[in-house]
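Participant:
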Amino acid sequence: MTRNFFSVRKMVAAAAVIAVIALIFLVAGRREQDYSAKYAGFDLSGAGAGRTNIYSRYLERYAHIPAGQGDIPVDIFAWTSGEGLSILENFEGTNQVLRTEEASYAEYAVNIENEGLYFINMEYYPLPSRGIPIERSLMINGEIPFLGADRLVFQRVWGDNGASRFDNQGNEIRPQQIEIPRWESAWFRDSLGYITEPYAFYFHEGENIIRLTGINEPMAIRSLSLRAPAGTVSYGEYLAGVDLNRYRNRQTDFSLTIQGESAARRSDPSLYAIYDRSSGATDPASVAQIKLNMIGGEIWRVAGQWIEWEFSVPENGMYRISIKGRQNYNRGFVSNRTVMIDGRIPCLELASVPFTYSNKWNYVTLNDGRGDILFPLESGTHTLRLQATLGGMGEMLDVMEESVYRLNSIYRKILVLTGPEPDVYRDYRIDEVYPEIIEAMELESRILYKLVDDLTGYAGERGAEAAVALTLARQLEYFVSRPDKIPRTLINFKFNISSLGDSLLALSQSRLDIDYIIVSAEDAQLPRIRENFFVSASHEIRSFLSSFFVNYNNLGDVYKKGENAIEVWMLAGRDQSNILKAMIDDTFTPLTGIKVNVKLVAQDAVMPAVVAGTGPDMVLTVPQGDVINYALRKAVLDISKLSGYADVIKELDRSVIIPFEFQGGVYGLPETQYYHVMYYRKDILQELNIDLPDTWDDLINILPVIQKNNMNVGVPSVATSVQANIDFSNFLAHLFQRGGRLYNEDGSRTLLDTEIAIEAFDFYTKLYTHYKAPVVYDFINRFRTGEMPIAFADYSLFNTLEVFAPEIRGLWGFALMPGLKKENGVVDRSVSTGTLAAMIFSQSDYQDQAWEFLKWWVSSGTQLRFGRELESLMGAAARYPTANYYAFRQLSWGSEQMAVLDEQRSWTVGIPEVPGGYFVSRHITNAVRRVINEGEDTRETLLDYSITINDELVKKRKEFGLE
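Quick note: the sequence shown, position 764, residue 744 per this note's numbering, numbers continuous.
1) Let me know if I358 comes out buried or exposed under the rule of 16 or more other beta-carbons within 10 Å of its beta-carbon.
2) Do S728 and R386 have their CB atoms nearer than 8 Å?
3) Tell me whether T918 sits in a helix, a strand or coil according to DSSP, three-state version.
4) Are at least three pairs of beta-carbons, each pair with one atom in the region 235 to 255 and one in the region 289 to 303, less than 8 Å apart?
5) Can you tell me whether P639 is buried or exposed? The criterion is at least 16 other CB atoms within 10 Å of its CB, across all chains shown.
6) Rounding to the nearest angstrom, what Cα-Cα distance links P113 and G276 in this structure?
7) So, do the region 838 to 852 and the region 613 to 633 have three or more beta carbon pairs nearer to each other than 8 Å?
8) Are there 16 or more other CB atoms within 10 angstroms of the CB of I4, so buried, or fewer, so exposed?
9) For F129, name the three-state secondary structure that DSSP assigns.
10) Using only CA atoms, which one of F234, N316, L206, I427 lies nearest to K18?
11) Quick check on the DSSP output: the beta strand (DSSP E) that includes F772 runs from which residue to which?
12) Taking 8 Å as the threshold, find out whether the region 291 to 306 comes into contact with the region 219 to 236 through three or more Cβ pairs.
13) What residue does the beta strand (DSSP E) around Q157 start on, and which one ends it?
14) Helix, strand or coil for V806 per DSSP?
15) Indicate whether the contact test is met: 3 or more Cβ pairs, each with one atom in the region 485 to 492 and one in the region 364 to 380, closer than 8 Å.
16) Use the C-beta contact count for S709: other C-beta atoms within 10 angstroms, 16 or more gives buried, fewer gives exposed.
17) Does I353 have its Cβ less than 8 Å from a Cβ in chain C?
18) Between D566 and L853, which are expected to be in contact by the criterion C-beta below 8 Å, what is the C-beta distance as a whole number of angstroms?
19) For L673, count the other beta carbons within 10 Å of its own beta carbon; 16 or more makes it buried, fewer makes it exposed. Which is it?
20) Spatial neighbours of V448 within its chain, please: CB distance less than 6 Å, with the 5 preceding and 5 following residues excluded, ordered by chain position.
21) Do the region 394 to 406 and the region 427 to 439 touch if we need at least three Cβ pairs shorter than 8 Å?
22) Three Cβ pairs or more, each shorter than 8 Å: is that satisfied between the region 103 to 110 and the region 770 to 778?
23) My understanding is that N101 touches R207, with C-beta atoms under 8 Å, so please give their C-beta distance in whole angstroms.
24) In the region 10 to 92, which residue ranges form an unbroken alpha helix (DSSP H) of at least 4 residues, counting only runs that do not cross its ends?
25) How would you call E82, buried or exposed, if buried means at least 16 neighbouring beta carbons within 10 angstroms?
26) As an exercise, report each continuous beta strand (DSSP E) stretch of at least 3 residues that is fully enclosed by the region 738 to 774, in chain order.
27) Count the other CB atoms within 10 Å of the CB of Y405; is the residue buried (16 or more) or exposed (fewer)?
28) Is Y104 helix, strand or coil when you go by DSSP?
29) Which residue wins for smallest C-alpha separation from G284, given the options G360, L132, I521?
30) Buried or exposed: where does P918 fall if 16 or more other Cβ atoms within 10 Å of its Cβ makes it buried?
31) State yes or no: is the C-beta of Y179 within less than 8 Å of the C-beta of D170?
32) Would you report the Cα separation of G915 and Y751, rounded to the nearest angstrom?
33) Take G185 and list the residues in its own chain whose beta-carbon comes closer than 8 Å to its own, dropping the five residues that flank it on each side.
34) Could you tell me which uninterrupted beta strand (DSSP E) segments, each at least 3 residues in length, are contained entirely in the region 304 to 382, listed from first to last along the chain?
35) Using DSSP with H/G/I as helix, E/B as strand and the rest coil, what is L3?
36) Give a yes or no on whether the C-beta atoms belonging to Y88 and E63 are separated by under 8 Å.
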């Protein structure tokens, strides 16, 4: 008895100790997460610091101004000044509407009785064009009120082109996305979604002039009005205005399931039905075949994107809505959605519905925190829209974006004093030279500490993004206390700022999966989601077994031998291959009767298959240099002799045909085209008071100003030690602009030993040796920080910056490459161009059918659809650089960018491929390295390597019987 008593006492004591230890750790953990002592009582507004033209500063300026009174319609037909405007009669159910072209503007005089802040609403209709979002800028009384008003985005409406179909393997094929335009009502608001409310604009008493200017795409306008700001009512207030006697359900167990993949409309063509094999609880589930069983996913991440469903209820009644969703993309993060019924947000609780992290499907029944929300619905058809929103996160991201901008400004100012690689043993006395920098660091540290607390409180735990902000806050706090240590960790400071910018991007993405939605009467029971251990285990086992029987390299309809099908290999990714095969099955094969098997293969699998006689009929996305290598061995077909060749190349630039020409034949057709443009930071050039260079002499003239501030210019280099990064396009630009060429007429020798080539080589290498342009650099990050305000790079990087550098939106652009001014005054902007190719193998038994396919593949209609669908699937960063000129002009480029790209494309020069041509790039690289690294003479170095290159060209020509 005594022994048992002491045993119990020991157990109680042990439990008490464990509890105390747990409590200590819990309290310590809470203390660690709370940094309020760092910023409490301090003014964190940052007045006087950072940008003054942002929306938060605009609101501060007019904080004392009351909200406007009443609604003020604008007579859209009474413009005081305008261009690119026309009136349409009886258009889409409206007697008169205003058509505004892409290049248009309209000014209106608006009289305001009492000054105030107003929202602006517009009813618009997207007109057919390139299919990209519509953009307009707004000026009030002669100026753009703030950053964001210069780029107002109005979305188009997309939907499925018919029902999905199935291939002969049982896989479900999603329908093509088409535009289904209709009248839309939209507020003027933040395109990034950081500001969740519509913009509030200040109008003074009396006459105000507003001006809408077209940036991208035409649109029709039905109405334009200034609206007094009004909040959304709570659910209780909303319900108080409803006559509940009209909404009594007779079918108290009514339940309707709306499959997510059956959405009627969406704001973006990328928000189509997708398939999920990861869970056995997805409805419907499949392990062997593709079943379109959900919607959303990775692509549904940008604030403002919406998906809309239609549903019908049999009677007037009160209905609840439950969403089977899953947010398994970002631990410690909340994805929010705004819920709209029949085009409006019924109550405040639906402005931001949270979906917390879980790797399993869960129901979210719309509620007001006290119980389920019941919607009064009339019998008949209704719409349900879910729109991505940042909710409470938006304000934090706005703070973070401005913090990143200010921190980059601090970094650049320190850079002026210390340079990019400061002497760690020198005391630069930064606190004495730049006392305002230390004050700015102290303020920024406090702002970031508060941001850490806000992010942690919002998510319920400290995620990786909050940890980045905390690291930077501590580093800034340390810099304030020890300014002498700044040079020692300046590079680390730069990387931390870059990481905070990456965190900004990560937190702005709000991904969500939708399996299905249930609309039900109050008493109906929700079906159970079966996602337990046994269901998961069964699903994984079946998935494993099916992998032995499913060939994942074959795509779409698969035809057997004897069915006269051509075989096409694609060297790109699975997404590109799936899009191509879907287009073949729904367009090419029905049109021509030619059956096509598409296989996704690696590049190094092609040559062995061709040698073994088991290769395909043709291959796509081949690197430019490989085509002539196959042609030299008589392995590919000369397509210039085939019927219709002359018509095909009318849609292609001459420069991208040249690489596939050899001894009178053409052995491939270009699919893509790449060339360089000049990227620049508008804000920094303005800060330095310098103009954009038009010629290389202009660039040399502004270099001292840029470099005096310890910034630099990015010139692509061949001197990097990483082979994959070798880029001698800038040398070729200097060569071509001087009228030089790389080879003689028949490609039997290089012309690098000519005076023109030596002059171009000398100028190119002096950019590094005399003018100290960096040889190796990270373009994206240096451009983001501003330490490289001008750089030359491929135009396709535009979309990477557009997507992945939101903190510099509106602060950068690209322009024509600098050139060489000729005697006639024309600036020659010639640049080299590169491409990927498609080719037909000479061993094919179906050459005629393969040629029909190739003509279809490079045609404008096919290339346009492929480009649009690829961008729909993978986002703007994957915009397709098609070589087809007519298709290119219809892709999602803005009018300003398109004008630059059109002009620069006209200056592209193709590079012939010759036997032994690999020696040219190799030894130009060697020559540049010797001049830069060893200081050797440019003329002698280039002449030496020209001899080596020419010897190799002769050797290779003899090898192939050409000498």
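Just so it is clear, CB atoms sit at the ideal spot from N, CA and C, and this is done for glycine as well.
None of the values given here were measured: they were computed from a predicted structure.
Facilitator: This is what the structure holds:
1) According to the sequence as given, residue 358 is Glu; it is not Ile. Answer is exposed; the Cβ neighbour count stays below 16.
2) no
3) helix
4) yes
5) buried
6) 19 Å
7) yes
8) Reliability of the predicted coordinates at I4 is poor, the pLDDT of 41 falling under 50, and the value obtained from them is presented with this limitation in mind. Classification for I4: exposed.
9) Per the sequence shown, residue 129 should be read as Ala rather than Phe. Coil, per DSSP.
10) I427
11) 770 to 774
12) yes
13) 157 to 159
14) coil
15) yes
16) buried
17) Absence of chain C from the displayed structure is noted, only one protein chain being present.
18) With a Cβ gap of about 16 Å, D566 and L853 do not count as contacting.
19) For the record, residue 673 in the displayed sequence is Pro; it is not Leu. That one is buried.
20) S479, L480, S483
21) no
22) no
23) 5 Å
24) 16 to 19, 35 to 41
25) buried
26) 770 to 774
27) exposed
28) strand
29) L132
30) Per the sequence shown, the amino acid found at residue 918 is Thr instead of Pro. It counts as buried.
31) yes
32) 14 Å
33) Looking at the sequence provided, one finds Glu at residue 185 rather than Gly. Closer than 8 Å at the Cβ level, and outside the excluded window around E185, lie I92, E93, N94, E95.
34) 314 to 321, 333 to 336, 342 to 345, 355 to 357, 360 to 369
35) Any reading at L3 must be qualified, since the residue scores a pLDDT of 44, below 50, and its modelled position is unreliable; no value is offered.
36) no
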